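Okay, so the sequence shown: first residue is 1 according to the working numbering, each after it adds one.
Backbone N, C-alpha and C fix where the C-beta goes; we use that ideal spot for every residue, glycine too.
Quick caveat, the model's predicted, so the values are computed rather than measured.
Notes follow once the structure below has been shown.
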Amino acid sequence: MLKVVSSTSMNSQCIIILCFFLTFSVNIHPVTSVAASLFDPINVEYKDSLYSPELNLSVRIYLPNNATENQKLPLLVYYHGGGFFIEYQFSPPSSNDFLSVLVLEANVIVVTVAYRLAKVCTLPCAYDDSWTALQWVASHLNRDGPEDWLNQHADFQRVFLSGDSAGANIAHQMALKLGTQETVKGFNVSGLILSHPYFWGKDPISGEITGTLYRQILRFGWVIACPNCELDDPWINPATDPNLARVATPRLQVFLSELDIWRIRGSYYAQKLKQSGWSGYQEVIEFKGEGHAFHLKNITSRNSTLLRYRMANFINRDWSDASIQSK
Numbered sequence: 001m002l003k004v005v006s007s008t009s010m011n012s013q014c015i016i017i018l019c020f021f022l023t024f025s026v027n028i029h030p031v032t033s034v035a036a037s038l039f040d041p042i043n044v045e046y047k048d049s050l051y052s053p054e055l056n057l058s059v060r061i062y063l064p065n066n067a068t069e070n071q072k073l074p075l076l077v078y079y080h081g082g083g084f085f086i087e088y089q090f091s092p093p094s095s096n097d098f099l100s101v102l103v104l105e106a107n108v109i110v111v112t113v114a115y116r117l118a119k120v121c122t123l124p125c126a127y128d129d130s131w132t133a134l135q136w137v138a139s140h141l142n143r144d145g146p147e148d149w150l151n152q153h154a155d156f157q158r159v160f161l162s163g164d165s166a167g168a169n170i171a172h173q174m175a176l177k178l179g180t181q182e183t184v185k186g187f188n189v190s191g192l193i194l195s196h197p198y199f200w201g202k203d204p205i206s207g208e209i210t211g212t213l214y215r216q217i218l219r220f221g222w223v224i225a226c227p228n229c230e231l232d233d234p235w236i237n238p239a240t241d242p243n244l245a246r247v248a249t250p251r252l253q254v255f256l257s258e259l260d261i262w263r264i265r266g267s268y269y270a271q272k273l274k275q276s277g278w279s280g281y282q283e284v285i286e287f288k289g290e291g292h293a294f295h296l297k298n299i300t301s302r303n304s305t306l307l308r309y310r311m312a313n314f315i316n317r318d319w320s321d322a323s324i325q326s327k
């Protein structure tokens with residue numbers, strides 16, 4: 001049974017969330033250029049490439065610099081978090097350091113996506129931009145796309161979608177869109193990796209906070225990102241989506257944290273996906289004593305290192321093993 005987080009912890013988180021939305025709904029100034037990692041690892045190369053020139057939106061591509069010519073590596077498409085309001089894939093504090101280290105540890109090529117934030121354009125803009133970026137990535141399937149690194153090194157038989165917080169929400173929506181509304185011919189997702197996914201709902205589920213004020217604060221954050229939505233919209237509450245079973249991936253990995261206010265919703269998502277008729281493999285990993293997106297705040301910590309290890313193992317696992325597929 002999942003442990004209920006203390007009310008003191010919830011109070012602190014809700015106050016932080018309220019201050020966050022009040023602050024960042026007033027003014028946001030994007031950071032235009034930051035190195036791929038504050039640690040500046042010498043073994044990782046990166047470049048930025050426009051995927052939407054008309055909106056001036058880019059992806060950042062990370063590549064191990066020991067990749068040999070035409071060596072094919074697993075491809076991880078990553079969406080950053082920030083509640084749809086803050087963070088750019090080029091700005092600290094963000095996933096830059098984490099991804100730079102993951103590139104080396106998992107020996108993968110990573111594409112991280114910039115999308116319009118809610119201050120500039122409310123939802124579904126972030127989803128639309130993320131889908132455009134995914135189509136741009138898929139344009140390299142025949143090795144004739146605009147970006148040489150993807151043409152030469154991306155293994156399109158091993159594509160993974162991932163993200164943290166709101167980025168995990170986006171990654172889910174992209175996998176769902178691949179299975180429902182639109183398809184990219186020949187582009188298949190081997191796995192979906194969600195870190196501390198940002199999901200919620202109108203009514204509390206078992207173990208979730210019930211205080212009216214707390215839930216109003218969390219609702220406020222969502223409706224200013226998506227003014228025409230409520231908390232049972234499938235964008236924030238995928239359990240209400242009649243197409244949930246059509247998530248286009250055979251494998252799911254979810255990371256949760258004991259002290260995260262959204263922890264129970266992340267577990268509930270995995271449970272409802274399994275109950276929907278989706279027949280894939282899933283694993284849910286919870287870290288004790290940690291909070292929301294802890295792995296981005298201190299990438300050298302034991303648990304952040306362990307989380308990266310579990311991600312790398314999931315990406316590089318031999319999925320032909322029948323004993324794994326049957327779980």
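Just so you know, the alpha carbons of Leu-104 and Val-44 end up roughly 7 Å apart.
Residue nearest to His-172 within the set Thr-300, Pro-250 and Trp-319 is Pro-250 (criterion: CA-CA distance). CA-CA distance, Pro-238 to Leu-307, rounds to 24 Å. An exposed status is given to Asp-232, since fewer than 16 other beta-carbon atoms sit within 10 Å of its beta-carbon.
Ranked by Cα distance from Ser-130, the first of Ser-279, Asn-65 and Gly-167 is Gly-167.
Ser-301 carries a coil assignment under DSSP once its states are collapsed to helix, strand and coil. Secondary structure note for Ser-49: it is in no alpha helix (DSSP H), and the uninterrupted beta strand (DSSP E) holding it is 44 to 52.
For the region 186 to 261, the continuous beta strand (DSSP E) assignments of 3+ residues that do not extend past its boundaries occur at 191 to 195 and 251 to 257, in sequence order. The Cβ atoms of Trp-262 and His-295 lie no closer than 8 Å to each other. Residue nearest to Leu-178 within the set Tyr-115, Ala-225, Gln-135 and Glu-147 is Gln-135 (criterion: CA-CA distance). Here the C-alpha atom of Gln-157 lies approximately 32 Å from the C-alpha atom of Lys-297. By the Cβ test, the region 54 to 61 is in contact with the region 107 to 114, since at least three Cβ pairs between them sit closer than 8 Å.
By the beta-carbon neighbour count (other beta carbons within 10 angstroms, threshold 16), Pro-197 is buried. Excluding the 5 residues flanking it on each side, Ser-52 has same chain C-beta neighbours closer than 6 Å at Thr-132, in chain order. Beyond the five residues adjoining it in sequence on each side, Cys-229 comes within less than 8 Å, by CB distance, of Leu-123, Trp-222, Val-223, Trp-235 and Ile-236 in the same chain, given in chain order. By the Cβ criterion, the region 179 to 196 is in contact with the region 134 to 148, since at least three pairs of Cβ atoms, one from each stretch, lie closer than 8 Å.
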